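*Asks:* Got a structure here, written out as structure tokens. Questions coming.
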Amino acid sequence: MTDATAASRDTPLIAARGISKSFASIEVLRDVDLDLKRGEIHALLGENGAGKSTFAKILAGVHRPTRGTLALNGTPVEIPNPIAAQKLGITLIHQEPISFPDLSVAENLVLGRTVGSPLGRVPWAQMTREARQLMDLLGVKIDVTRPMRGLSIADQQMVEIARALASDSRLIIMDEPTAPLTPKEVETLFVIARRLRDEGRTIVFISHRLEEVQQLCDRVTIFRDGNKVATEEIANLTNADIIRQMIGRPLREYMKKQGTTIGDVALKVDKLTLPGVFNDISFEVRKGEIVGLGGLVGAGRTDVARAIFGVAPAASGTVTINGKAELITQPSQAIALGLAFVPEDRATAGIFRTLSVEENITAAIPKQIAPNGIIRRTLEKTLASDSVRKLRIRLASLRQPIGELSGGNQQKAILARWLLTNPSVLILDEPTRGIDIGVKAEFYDMIGELAAGGRAILLISSELPELLALCDRVLVMSEGRLTANIARADATQESIMSAAVPRARVAA
Amino acid sequence: MNALRSLLLRREMGILVAIIVFCIIVGIIKPRFLAVDNLRVIMMFVPLIMIAAMGQMLVLIARHVDLSVGSTLGFAAMMTALMFKLQPDIPFYLGFPVAIGIGAILGFINGLTVIVFRLPAIIVTLGTLYLYRGLTFIASGAKQIDRQYIPGPLKAMSANAPNYWLPWIVIIALAVVLLTYWFANHSRLGRQVYALGSNPVAAPLRGIPVTAVTLTVFSISGGLAGLAGILYASRWGFVNPSNTGWGFEFQVIAAVVIGGVSINGGVGSVLGVVLGVVLLGCVSAALPLLGIPGTVQSAIYGLVIIVALVIDQTVRDRGIKALTTARGVRT
Numbered sequence: 419m420t421d422a423t424a425a426s427r428d429t430p431l432i433a434a435r436g437i438s439k440s441f442a443s444i445e446v447l448r449d450v451d452l453d454l455k456r457g458e459i460h461a462l463l464g465e466n467g468a469g470k471s472t473f474a475k476i477l478a479g480v481h482r483p484t485r486g487t488l489a490l491n492g493t494p495v496e497i498p499n500p501i502a503a504q505k506l507g508i509t510l511i512h513q514e515p516i517s518f519p520d521l522s523v524a525e526n527l528v529l530g531r532t533v534g535s536p537l538g539r540v541p542w543a544q545m546t547r548e549a550r551q552l553m554d555l556l557g558v559k560i561d562v563t564r565p566m567r568g569l570s571i572a573d574q575q576m577v578e579i580a581r582a583l584a585s586d587s588r589l590i591i592m593d594e595p596t597a598p599l600t601p602k603e604v605e606t607l608f609v610i611a612r613r614l615r616d617e618g619r620t621i622v623f624i625s626h627r628l629e630e631v632q633q634l635c636d637r638v639t640i641f642r643d644g645n646k647v648a649t650e651e652i653a654n655l656t657n658a659d660i661i662r663q664m665i666g667r668p669l670r671e672y673m674k675k676q677g678t679t680i681g682d683v684a685l686k687v688d689k690l691t692l693p694g695v696f697n698d699i700s701f702e703v704r705k706g707e708i709v710g711l712g713g714l715v716g717a718g719r720t721d722v723a724r725a726i727f728g729v730a731p732a733a734s735g736t737v738t739i740n741g742k743a744e745l746i747t748q749p750s751q752a753i754a755l756g757l758a759f760v761p762e763d764r765a766t767a768g769i770f771r772t773l774s775v776e777e778n779i780t781a782a783i784p785k786q787i788a789p790n791g792i793i794r795r796t797l798e799k800t801l802a803s804d805s806v807r808k809l810r811i812r813l814a815s816l817r818q819p820i821g822e823l824s825g826g827n828q829q830k831a832i833l834a835r836w837l838l839t840n841p842s843v844l845i846l847d848e849p850t851r852g853i854d855i856g857v858k859a860e861f862y863d864m865i866g867e868l869a870a871g872g873r874a875i876l877l878i879s880s881e882l883p884e885l886l887a888l889c890d891r892v893l894v895m896s897e898g899r900l901t902a903n904i905a906r907a908d909a910t911q912e913s914i915m916s917a918a919v920p921r922a923r924v925a926a
Numbered sequence: 087m088n089a090l091r092s093l094l095l096r097r098e099m100g101i102l103v104a105i106i107v108f109c110i111i112v113g114i115i116k117p118r119f120l121a122v123d124n125l126r127v128i129m130m131f132v133p134l135i136m137i138a139a140m141g142q143m144l145v146l147i148a149r150h151v152d153l154s155v156g157s158t159l160g161f162a163a164m165m166t167a168l169m170f171k172l173q174p175d176i177p178f179y180l181g182f183p184v185a186i187g188i189g190a191i192l193g194f195i196n197g198l199t200v201i202v203f204r205l206p207a208i209i210v211t212l213g214t215l216y217l218y219r220g221l222t223f224i225a226s227g228a229k230q231i232d233r234q235y236i237p238g239p240l241k242a243m244s245a246n247a248p249n250y251w252l253p254w255i256v257i258i259a260l261a262v263v264l265l266t267y268w269f270a271n272h273s274r275l276g277r278q279v280y281a282l283g284s285n286p287v288a289a290p291l292r293g294i295p296v297t298a299v300t301l302t303v304f305s306i307s308g309g310l311a312g313l314a315g316i317l318y319a320s321r322w323g324f325v326n327p328s329n330t331g332w333g334f335e336f337q338v339i340a341a342v343v344i345g346g347v348s349i350n351g352g353v354g355s356v357l358g359v360v361l362g363v364v365l366l367g368c369v370s371a372a373l374p375l376l377g378i379p380g381t382v383q384s385a386i387y388g389l390v391i392i393v394a395l396v397i398d399q400t401v402r403d404r405g406i407k408a409l410t411t412a413r414g415v416r417t
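If you read the sequences in order, they're chains X and P.
My numbering numbers the first residue of the first sequence as 419 and each following residue consecutively.
My numbering numbers the first residue of the second sequence as 87 and each following residue consecutively.
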């Protein structure tokens with residue numbers, strides 16, 4: 419062995435220096451330095467939005483860093499797009515794999531790697547043979563001649579891994595691969611991941627399940643608020659250490675819960691179940707009470723809210739609103755019962771982008787605005803301008819398309835829309851996501867006032883400080899189940915987070 | 087055993103069964119439907135639509151659509167006929183490269199407009215449907231090119247001569263079908279057409295040359311419409327600026343959709359489209375025989391298209407349902 423190869427042994431496969439990334443004016447990743455060694459399984463951990471996925475996507479050429487450099491085997495590289503990443507031997511495996519559902523498994527494997535003239539013959543026989551070899555190598559039984567459509571997610575992931583092997587990838591990034599898998603499938607995945615590591619490949623493993631990380635990974639890097647907090651050997655860290663590093667940020671002082679009187683039960687959910695999504699969910703929210711619903715993204719919180727509101731009804735269980743138990747199968751029923759739901763994804767589920775602010779605000783009360791089918795403009799205008807004043811929505815004109823407003827003001831307009839229906843129960847799903855700090859504080863005040871006015875509020879949030887500051891009680895969901903019901907006095911970041919982190923599904 | 091099962095489960099089986107059932111029913115009502123003479127009527131109806139349908143199939147698989155094929159056919163036919171009128175000494179076979187070339191250029195323009203301006207193909211080709219028709223009027227001075235200007239040997243290609251088993255236009259259509267089959271299933275570019283239509287978002291990420299594939303399918307569709315154009319002159323012996331190819335796009339798209347090509351892209355087979363064209367041919371041959379007046383025939387066409395789309399959607403939904411109930415897929 420020469421000195422040169424001995425030296426290159428110690429050179430990290432990937433050396434990232436000062437990687438920063440901004441979207442619009444928001445910096446989501448700040449000066450990250452990180453080395454990935456050859457032949458290791460390296461976990462990236464952090465809360466939702468901490469920057470771990472953004473970092474992974476920079477490696478895979480999906481995003482380009484705003485600042486910073488990357489080196490592969492000591493040589494500086496640019497990774498402008500996913501194809502470049504693949505040529506450099508970097509493959510990103512998405513949680514829900516990207517594939518061509520109408521093409522066969524074998525074709526999906528070779529696609530993008532074939533060379534030669536466009537009218538060149540597709541070597542079906544050779545392609546099928548090679549695909550079978552790859553599947554045998556992975557030890558999975560998938561008929562390579564069948565179309566991708568209809569394969570389970572686990573099998574689709576295996577095809578993606580086989581694709582990474584076919585292009586001889588040296589770095590395989592798995593973004594939350596285990597979330598949609600059954601325990602047995604997770605086990606198979608781990609066996610394969612270890613084997614790939616032992617061949618000298620590097621695996622980046624993004625997961626929320628700390629037990630899985632402990633079991634599988636060699637080193638971990640923890641992200642928080644766009645910064646790298648630590649890179650450590652897994653052997654030196656306990657789960658408690660990891661959780662503390664993930665969430666260790668100061669509580670924001672400006673959030674003050676207003677004292678309110680708590681009244682009768684307004685919303686009662688009993689044994690709500692939608693198989694495969696959430697199970698046996700029971701809780702109550704009283705008038706004047708703010709109940710938080712915490713947990714990680716994908717824990718089923720939004721699904722429960724959608725079920726209560728009748729968007730995607732549950733399979734079994736009951737919802738009682740102000741003493742009336744009804745089978746809600748449509749949002750219009752829920753609205754009539756006094757329920758309002760401000761959805762998480764404002765761009766697709768909330769606003770009518772091209773319509774005016776005025777029309778957006780009055781969209782939930784068509785009967786009031788247009789009693790005979792004819793819109794009463796004056797009434798529409800009065801109601802809208804009242805809302806704008808009350809909620810301090812900043813705009814140029816009521817006739818302005820709502821898409822021109824800032825995210826925070828759009829969100830306020832949607833809240834205004836639901837307040838006009840005079841709801842007794844208000845469900846807010848991540849109401850402050852993507853909103854500036856200043857507007858956030860206003861939102862917190864508003865939520866407090868609404869509760870003080872006797873409304874029952876269910877607040878879904880992934881921001882722990884928000885839950886701690888605003889809520890009278892915090893419910894926590896993990897993997898479709900309620901795992902905690904914590905009173906305000908006992909709620910801490912640690913107690914919420916440890917209820918939110920899924921239990922490992924793999925037998926050790 | 088497995089091979090037989092998968093053959094029976096193929097989507098094309100439905101159309102084949104529909105053709106057989108339709109022919110038996112019509113044959114019972116009007117036995118003359120199954121006579122050799124009538125089969126020849128169907129055989130002569132099929133080739134032009136078949137040729138253009140092969141191109142349209144590729145365009146639809148790539149998740150686009152070409153509404154301009156009728157006008158492309160008309161323009162290519164008119165330019166070729168004008169050439170024969172102005173230069174009667176030109177050998178008739180030179181009409182083929184001219185017609186195909188003109189059609190391919192018009193198709194290329196469609197594809198280029200879709201790519202450059204990022205417009206939906208349905209809008210672009212709706213525009214060129216009228217543009218190309220208008221150009222046909224301008225080029226011809228709104229006058230029909232009559233029989234005497236169409237070369238005799240060209241007209242003979244459609245002749246139903248008893249000593250030939252198949253007329254030339256049927257043989258050309260068969261050749262186009264075989265070439266398309268090879269292109270779609272055995273060439274790299276052909277498979278990339280399926281990939282693009284199956285997942286347009288992922289296609290560029292996987293290194294599929296989206297621009298080249300798009301231009302290719304539109305050029306092929308235009309070129310084949312051009313070929314159908316010169317064969318129109320052969321079959322009918324004249325080219326008229328307003329009639330030639332008018333409404334042709336609807337027959338073609340109907341045949342392709344009936345043949346099981348999904349308008350959502352990614353799905354479609356040559357065999358299915360061939361059967362779709364044959365079914366449409368049977369329907370149009372049967373309607374006059376059954377004494378159904380011409381005024382009602384369009385309505386029947388329309389019904390056949392809608393029924394085919396309903397079946398397409400049902401099959402698709404069932405597939406997706408089977409997929410999601412197979413395991414608890416999270417939303």
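Glycine included, each C-beta is placed from N, C-alpha and C at the ideal position.
Keep in mind it's a predicted model, so treat the numbers as computed, not measured.
How about the stretch 353-360 of chain P and the stretch 160-178 of chain P: do they share at least three Cβ pairs that are nearer than 8 angstroms?
*Replies:* no
*Asks:* Compute the Euclidean distance between the alpha carbons of M915 (chain X) and P430 (chain X), then round it to the nearest angstrom.
*Replies:* Position 497 of the first sequence, counted from the first residue, corresponds to residue 915 (chain X). Position 12 of the first sequence, counted from the first residue, corresponds to residue 430 (chain X). Their Cα atoms are separated by approximately 33 angstroms.
*Asks:* Using three-state DSSP, classify K646 (chain X) as helix, strand or coil.
*Replies:* Sequence index remark: in the first sequence, residue 646 (chain X) carries index 228 (1-based). If DSSP states are grouped into helix, strand and coil, K646 (chain X) belongs with the strands.
*Asks:* Beta carbon of L885 (chain X), beta carbon of G718 (chain X): below 8 angstroms?
*Replies:* Sequence index remark: in the first sequence, residue 885 (chain X) carries index 467 (1-based). Sequence index remark: in the first sequence, residue 718 (chain X) carries index 300 (1-based). No, Cβ-Cβ distance for L885 (chain X) and G718 (chain X) is not below 8 angstroms.
*Asks:* For the ligand ATP, is there any heavy atom lying closer than 7 angstroms to the beta carbon of D616 (chain X)?
*Replies:* Absent from the structure shown: the ligand ATP. Ligands present: none.
*Asks:* Can you pull the chain P neighbours of I793 (chain X), defined as C-beta to C-beta under 7 angstroms?
*Replies:* In the first sequence, residue 793 (chain X) corresponds to position 375, counting from 1. Within 7 angstroms Cβ-Cβ: nothing; I793 (chain X) doesn't reach chain P, min ~31 angstroms.
*Asks:* Quick one: Cα of R670 (chain X) to Cα of P883 (chain X), how far?
*Replies:* Indexing the first sequence from 1 puts residue 670 (chain X) at position 252. Indexing the first sequence from 1 puts residue 883 (chain X) at position 465. Confidence at R670 (chain X) is low in this model, with a pLDDT of 46, below 50, so the placement of that residue is unreliable and no value is reported for it.
*Asks:* Let me make sure I understand the geometry here. Which of X:S750, X:D616, X:F623, X:A834 has the alpha-carbon closest to that of T509 (chain X)?
*Replies:* As a first step, residue 509 (chain X) is located in the first sequence; it is residue number 91 there, counting from the start. For the residues X:S750, X:D616, X:F623, X:A834, the minimum Cα distance to T509 (chain X) belongs to X:F623.
*Asks:* Cα-Cα, which of X:I708, X:E525, X:V806 is closest to G681 (chain X)?
*Replies:* Indexing the first sequence from 1 puts residue 681 (chain X) at position 263. With distances taken between Cα atoms, G681 (chain X) lies closest to X:I708.
*Asks:* Name the residue from P:S244, P:G156, P:V342 whose alpha carbon lies nearest to the alpha carbon of T211 (chain P).
*Replies:* By one-based count along the second sequence, residue 211 (chain P) stands at place 125. Among P:S244, P:G156, P:V342, the Cα nearest to that of T211 (chain P) is on P:G156.
*Asks:* Please confirm whether R539 (chain X) has its beta-carbon closer than 8 angstroms to some beta-carbon of chain P.
*Replies:* Start at 1 with the first residue of the first sequence, and residue 539 (chain X) comes out as number 121. Contact of R539 (chain X) with chain P is assigned, a C-beta pair being separated by under 8 angstroms.
*Asks:* Quick check: is the beta carbon of I501 (chain X) nearer than 8 angstroms to any beta carbon in chain P?
*Replies:* Here the question's residue 501 (chain X) lines up with position 83 in the first sequence. Chain P contact via Cβ: present.
*Asks:* Could you check whether T720 (chain X) and D847 (chain X) sit closer than 8 angstroms to each other, using their CB atoms as the reference points?
*Replies:* The sequence position of residue 847 (chain X) within the first sequence is 429, counting from 1. The sequence position of residue 720 (chain X) within the first sequence is 302, counting from 1. In this structure, T720 (chain X) lies closer than 8 angstroms to D847 (chain X) by Cβ.
*Asks:* Could you check whether I255 (chain P) and L180 (chain P) sit closer than 8 angstroms to each other, using their CB atoms as the reference points?
*Replies:* Within the second sequence, numbered from 1, the residue matching residue 180 (chain P) stands at position 94. Within the second sequence, numbered from 1, the residue matching residue 255 (chain P) stands at position 169. No; because the gap between Cβ atoms is not below 8 angstroms, this pair is not in contact.
*Asks:* What does the alpha-carbon distance come out to for the pair G507 (chain X) and R817 (chain X)?
*Replies:* For the purposes of this step, residue 507 (chain X) is taken as the residue at position 89 of the first sequence. For the purposes of this step, residue 817 (chain X) is taken as the residue at position 399 of the first sequence. Using only the alpha carbons, I get a separation of about 52 angstroms.
*Asks:* If you check the beta carbons only, do A314 (chain P) and A138 (chain P) fall under 8 angstroms apart?
*Replies:* Numbered from 1 along the second sequence, position 228 holds the residue referred to as residue 314 (chain P). Numbered from 1 along the second sequence, position 52 holds the residue referred to as residue 138 (chain P). Cβ atoms of A314 (chain P) and A138 (chain P): closer than 8 angstroms.
*Asks:* Counting along the chain, where does the alpha helix (DSSP H) carrying V577 (chain X) start and finish?
*Replies:* The count along the first sequence starts at 1 and reaches residue 577 (chain X) at position 159. According to the DSSP assignment, V577 (chain X) belongs to the alpha helix (DSSP H) that extends over 571-584.
*Asks:* Is the stretch 180-196 of chain P in contact with the stretch 343-352 of chain P, if contact means three or more CB pairs nearer than 8 angstroms?
*Replies:* no
*Asks:* Buried or exposed: where does R627 (chain X) fall if 16 or more other Cβ atoms within 10 Å of its Cβ makes it buried?
*Replies:* Position 209 of the first sequence, counted from the start, is the residue given in the question as residue 627 (chain X). Buried.
*Asks:* Which parts of the stretch 490-533 of chain X are runs of the alpha helix (DSSP H), unbroken and 4 residues or longer, counting only runs that do not cross its ends?
*Replies:* 500-505, 523-528
*Asks:* Once the 5 residues before and after V263 (chain P) are set aside, which same chain residues still bring their CB inside 8 angstroms of it?
*Replies:* The residue you call residue 263 (chain P) lines up with position 177 of the second sequence. Around V263 (chain P): M136, M140, V356, V360.
*Asks:* My assumption, with CB atoms under 8 angstroms, is that A281 (chain P) sits in contact with L521 (chain X). Please give the rounded CB distance.
*Replies:* Residue mapping note: residue 281 (chain P) aligns to position 195 of the second sequence, counting from 1. Residue mapping note: residue 521 (chain X) aligns to position 103 of the first sequence, counting from 1. Between A281 (chain P) and L521 (chain X) a beta carbon distance of about 6 angstroms is seen, short of the 8 angstroms cut, so the two are scored as contacting.
*Asks:* So if I threshold CB-CB distances at 7 angstroms, which residues from the stretch 333-362 of chain P count as touching chain X?
*Replies:* G352, V353
*Asks:* Residues of the stretch 260-292 of chain P with a CB closer than 7 angstroms to any CB of chain X: list them in chain order, please.
*Replies:* H272, S273, R274, L275, R277, Y280, A281, S284, N285, A288, L291, R292
*Asks:* Can you tell me the Cβ-Cβ gap for A503 (chain X) and G479 (chain X), rounded? I've got them flagged as a contact below 8 angstroms.
*Replies:* The residue labelled residue 503 (chain X) in the question sits at position 85 within the first sequence. The residue labelled residue 479 (chain X) in the question sits at position 61 within the first sequence. Between A503 (chain X) and G479 (chain X) the beta-carbon gap is near 4 angstroms, inside 8 angstroms, which marks them as a contact.
*Asks:* Roughly how many whole angstroms lie between the Cα atoms of V184 (chain P) and D763 (chain X)?
*Replies:* The residue given as residue 184 (chain P) occupies position 98 in the second sequence. The residue given as residue 763 (chain X) occupies position 345 in the first sequence. Between V184 (chain P) and D763 (chain X), the C-alpha separation is close to 55 angstroms.
*Asks:* Could you list which residues in chain P have their beta carbon closer than 7 angstroms to that of L529 (chain X), in chain order?
*Replies:* As a working note, residue 529 (chain X) is residue 111 in the first sequence. Ordered by position in chain P, the residues that pass the 7 angstroms Cβ test against L529 (chain X) are A281, R292.
*Asks:* Strictly under 8 angstroms for the Cβ-Cβ distance: is E525 (chain X) near chain C by that measure?
*Replies:* Looking for chain C here will not work: the only protein chains present are X and P.
*Asks:* Note the first and the last residue of the continuous beta strand (DSSP E) segment covering L757 (chain X).
*Replies:* Your numbering for residue 757 (chain X) matches position 339 in the first sequence. Counting along the chain, the beta strand (DSSP E) containing L757 (chain X) begins and ends at 757-760.
*Asks:* Just to check my reading of the structure: I591 (chain X) and I511 (chain X) have Cβ atoms closer than 8 angstroms, yes? What is that Cβ distance to the nearest angstrom?
*Replies:* Position 173 of the first sequence, counted from the first residue, corresponds to residue 591 (chain X). Position 93 of the first sequence, counted from the first residue, corresponds to residue 511 (chain X). At roughly 7 angstroms, the Cβ-Cβ gap stays under 8 angstroms, so I591 (chain X) and I511 (chain X) are in contact.
*Asks:* Could you check what DSSP says for P327 (chain P) in three-state terms: helix, strand or coil?
*Replies:* In the second sequence, the residue the question calls residue 327 (chain P) occupies position 241. Coil, per DSSP.
*Asks:* By a C-beta neighbour count over all protein chains shown, 10 Å radius and 16 as the cutoff for buried, is Y216 (chain P) buried or exposed?
*Replies:* On the second sequence, position 130 is the one that residue 216 (chain P) refers to. Flag for Y216 (chain P) reads exposed.
*Asks:* Buried or exposed for G227 (chain P), going by 16 or more other Cβ atoms inside 10 Å?
*Replies:* By 1-based counting over the second sequence, the position of residue 227 (chain P) is 141. That one is exposed.
*Asks:* Does any residue of chain P bring its CB to less than 8 angstroms from the CB of P1012 (chain X)?
*Replies:* Lying before the first or after the last residue shown, residue 1012 (chain X) is absent from chain X, which here runs from 419 to 926.
*Asks:* Does the CB of I865 (chain X) have a neighbour CB from chain P at under 8 angstroms?
*Replies:* Translated into positions along the first sequence, residue 865 (chain X) becomes position 447. Answer no: the Cβ-Cβ gap between I865 (chain X) and chain P never drops below 8 angstroms.
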